[in-house]
Structure formats: structure tokens, C-alpha cells
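Going by this note's numbering, the first residue of the sequence shown is number 13, and it counts up by one from there.
Here a beta-carbon is modelled for each residue, glycine too, at the ideal position from N, C-alpha and C.
One structure below.
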Amino acid sequence: MSSRAFISSVVHRHGTWHPIEDLAPDEAQHLRTFGLRRYSVLKPPARDYYVECVQQVLAQTGVEPAAVGAVVFFTSTFESYTEYDDLAALAHTAGLHNALPLGLTLGQCTNYSTALLTAQNLIATSGIDNVLLLGADILDERRAPRVLGGRLSVFSDCVACGLVSREDHDGYALGAIRHHYLPRMHEISPERDILGFLKGFSEGLKSACKATYEAEGITAAEIDWLVPANLNLQVLRNFAALAGVPMERTFTRNVERMGHSFAYDQLIALSTLVEEQAVRSADRLLLIGIGGNYLFSAVALTKT
13 MSSRAFISSV VHRHGTWHPI EDLAPDEAQH LRTFGLRRYS VLKPPARDYY
63 VECVQQVLAQ TGVEPAAVGA VVFFTSTFES YTEYDDLAAL AHTAGLHNAL
113 PLGLTLGQCT NYSTALLTAQ NLIATSGIDN VLLLGADILD ERRAPRVLGG
163 RLSVFSDCVA CGLVSREDHD GYALGAIRHH YLPRMHEISP ERDILGFLKG
213 FSEGLKSACK ATYEAEGITA AEIDWLVPAN LNLQVLRNFA ALAGVPMERT
263 FTRNVERMGH SFAYDQLIAL STLVEEQAVR SADRLLLIGI GGNYLFSAVA
313 LTKT
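Right under this line is the structure:
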């Protein structure tokens, strides 16, 4: 039995699109200058979209609901306190009667990479053939601002779903997944110690990329697409330099279209690249993410 894993058929639901000008004028001007154009506001509850997304993924891949061995749910915002009930309702309604429910959250905007790592390991070690990834984030603007600190981007509410499987469904083969954790970064403020912050940030992202390249036996020069989060273009130029990949091979087209969909930007990009016929068989991709400025991740994929 093969222990390889493939990800395919990522689908997503955004809400009502708002122009960036709906934000405070100074924030809107800065974000527009660096590539942002709009953001999504999704009407809660997120669970209203779960069954529809899951059924679309299963229809696209031809996988029967009973063949799903686990659902990995990941979120940063905890849109409500009913996630467990929501997953049980989903499993019951969608026929996922054999799916183990698992939850992830602490990686924040790297939750996608810990979800992929969990699915990859389940397939390699637990005899599970199919793992659904399901993520949902709806920002509560009473508790958190819509614009990221430092005006890095604007949050877009989103529900996303995809399948990680032992069988390839015309997707991407999962390779090495590496994380670099720098807990000391929680006490380093860019406002008070910009040099210390930049040094730690550079160390974290470079280390995650380097470990992934080494595990894959490749160099940055062999990456066809670098896939980061949808942050402003000035920031992404710095990310590309740290990863060692030219900006022209960095996927940025969803920045203006979708804003920053929490931990889903990189997964959604996989489908966008296919839809736009911008990726070919055997192309190598590196997905990179940062959670809370202290968790850094890199994921190697190969288009099948």
C-alpha cells in the first residue's frame, strides 16, 4: 500500500465583496498601492456552507462519502462555539459516517500546513485513504480589526475544502512539509525592535524553506511557483527573496481578487493555477506561510 498523498479539488466560498475603499481612507490608500482591491464579508454561520463544499469536492474527485476516513477542521477565529456540533451535523448530513473529526488552530495563518501534515501522516500511518480538509474563518470585527497589523493585507472571510488522498485525482503530490518555530518572537515588537524582528523573521522563513529544499533534494532554482499568502506586494517581494525564488515565479494574482483568506490562500491558489492553466505536470511548488510571526512553514508539492 502506497504511503504517498495527493491534494486535489480545493473549493472555496467567499461572501459579499467590498471594495478596499470601504476601509479607513489611509488604510485603503496604502493597501491599494500595494495590490489589494477588495475583501470578503461572509454572513455567519459558516456551517451553512460546509455540506455544499464537501459535496462539491467529493463529486469532483469521485470519492464516496463513506470512503473518507477523517475530516481535519482548521480555523483561527472560532466563528462560534458550536464547531463540534457543526462537524457532527456535517458528517451526518453528508454521509461521512467513517470520518474521524480532528481540529487544528494554533498555527493561525499556517493552519493549512499543519492540516496538510496531519493528513499526510494519517495516510502514511493509519491506513486511511481519504482525508477531507475543511477550514472556516469569519472575522468578528468587534474583537479584531479587518486590516492586518502593519497594513500587510485585509482579512477576507472564507470557507474552504479540499481532499488529501492516497490516490491521485489530478492534483498535486505532497512532498516535504517543514515548520520552524521561534517562540521568542512573541516578545519582539517590530515597533520597538525592528532589527531584532527582521532578523528573527528572516531566520524563521529561511530555515523552513532550507529544511524543505534539503528534504526534497532540490534548490530554490528548481521551484516553478512560490505560493505565499495574499499579502501586499511589497511584503511578498521580501518573502520571495528569503525563499530564494524570483518574484516573477511568485504567485500573486489572487492578492487583488481575494485579499487574505486567513489560512486558505495557498490552498485556493492550487486550484487557481489549474484553472488558469498556469501549472504543468511535474512543476514544483513551494507553499510558504507565517503564523503569528513565530511559526514558519514550507510545503513542497509537485503537479501530477
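Is it true that the CB of residue j sits closer than 9 Å to the CB of residue i?
{"i": "V267", "j": "N244", "result": "yes"}
{"i": "V277", "j": "A241", "result": "This sequence places Asp at residue 277; Val is not what is there. Yes. Within cutoff."}
{"i": "I302", "j": "S293", "result": "no"}
{"i": "S21", "j": "L175", "result": "yes"}
{"i": "T137", "j": "T117", "result": "no"}
{"i": "A185", "j": "I280", "result": "no"}
{"i": "R16", "j": "I140", "result": "no"}
{"i": "G304", "j": "H198", "result": "yes"}
{"i": "G47", "j": "F85", "result": "no"}
Residue i by DSSP, collapsed to three states: which one?
{"i": "A78", "result": "helix"}
{"i": "R163", "result": "helix"}
{"i": "D236", "result": "coil"}
{"i": "F251", "result": "helix"}
{"i": "H181", "result": "coil"}
{"i": "L243", "result": "coil"}
{"i": "T28", "result": "strand"}
{"i": "A17", "result": "coil"}
{"i": "L134", "result": "helix"}
{"i": "A310", "result": "strand"}
{"i": "A58", "result": "helix"}
{"i": "R196", "result": "helix"}
For chain D, is any of its Cβ atoms less than 9 Å away from the one on residue i?
{"i": "F90", "result": "Here there is only one protein chain, and chain D is not present."}
Could you tell me the boundaries of the alpha helix (DSSP H) in which residue i lies?
{"i": "I206", "result": "206-228"}
{"i": "T316", "result": "Run containing T316: none; DSSP gives neither H nor E here."}
{"i": "Y51", "result": "Run containing Y51: none in the alpha helix (DSSP H); it sits in the beta strand (DSSP E), 50-53."}
{"i": "R44", "result": "37-45"}
{"i": "Y62", "result": "62-73"}
Starting from residue i, follow the beta strand (DSSP E) in both directions and report where the run begins and ends.
{"i": "D149", "result": "142-149"}
So within the segment 95-132, which uninterrupted alpha helix (DSSP H) runs reach at least 4 residues, ignoring any that extend past its ends? Complete alpha helix (DSSP H) runs here, min 4: 95-106.
Looking at C-beta atoms only, is the number of pairs between the segment 102-109 and the segment 52-72 that lie closer than 8 Å three or more? Pairwise C-beta distances place the segment 102-109 in contact with the segment 52-72, as three or more of them are shorter than 8 Å.
Tell me, please, whether the segment 26-39 touches the segment 191-200 by the rule of three or more beta-carbon pairs shorter than 8 Å. Between the segment 26-39 and the segment 191-200 there are fewer than three C-beta pairs closer than 8 Å, too few to call the two in contact.
Are at least three pairs of beta-carbons, each pair with one atom in the segment 49-57 and one in the segment 105-116, less than 8 Å apart? No, because fewer than three Cβ pairs between the segment 49-57 and the segment 105-116 fall closer than 8 Å, the two stretches do not touch.
4-residue-minimum alpha helix (DSSP H) runs that sit fully inside the segment 257-301, ordered along the chain: Secondary structure remark: continuous alpha helix (DSSP H) runs of at least 4 residues inside the segment 257-301, in chain order: 266-270, 277-287.
The segment 220-233 contacting the segment 252-268, beta-carbon criterion three pairs below 8 Å: Taking 8 Å as the limit for Cβ pairs, the verdict is that the segment 252-268 does touch the segment 220-233.
Touching or not, the segment 207-222 and the segment 150-166, by the rule of three or more beta carbon pairs under 8 Å? Verdict: no, contact absent.
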